[in-house]
Amino acid sequence: MDFVALAQRARMSGKRAGALFFWLLREKKTQFITHATEEEAGRMIKEHLYGKQVRQRQSQSENQQWGSGQQNGQAQSTEYTKEEQFVIACTRVAKKHRITDPFKLAREDGWTRDRWNTTLVSYEAKQFEQLQRSRCKENADE
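For the numbering used here, count along the sequence shown from 1 and bump the result up by 2.
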């Protein structure tokens, strides 16, 4: 990985990339590897091993996007309200951006803490019911 990361670092520098790459290797200058070059090197290695990843856009209904619909071939009966879908979206964005309290995102949209907590409890209750149903089905199948 360091080899490819150093090569990427040398490529990004522009002038005399080959000479820079040789010097980085000879002097074992791995401290010059940045996070960006390491990420790019990892992407290049994966692309070389597994081929270029082509994302295909799947048409999903709004219910499937928010967790209702079918999962693993089984129909789910859980339907989420618009407010619960908003809570789900805020939670996902908060996790992605490492925000500890997803309510901060909702507050920017005019939500109160009481409204957030009520909707969050409703969403979590539906999640718990769904989990219980799936466990009951697993136990019944055994």
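Think of the CB as a built atom: it goes at the ideal place given N, C-alpha and C, for glycine as much as any other residue.
Residue nearest to E85 within the set T102, I101, G112 and D103 is G112 (criterion: CA-CA distance). Distance from the CA atom of F88 to the CA atom of R109, rounded to whole angstroms, is 12 Å. The DSSP-derived three-state label of I47 is helix. Under the DSSP assignment, G53 falls outside any alpha helix (DSSP H); it carries neither an H nor an E label. For I90, the enclosing alpha helix (DSSP H) covers residues K84 to K98. By the Cβ rule, the stretch 38-50 counts as touching the stretch 9-16, because three or more pairs are nearer than 8 Å. DSSP places T120 inside the alpha helix (DSSP H), whose first and last residues are R115 to D143.
The continuous alpha helix (DSSP H) containing E110 extends over residues F105 to E110. In terms of Cα proximity to E29, the closest of R45, K48 and F5 is F5. Assigned with DSSP and collapsed to three states, T36 falls in coil, not helix or strand.
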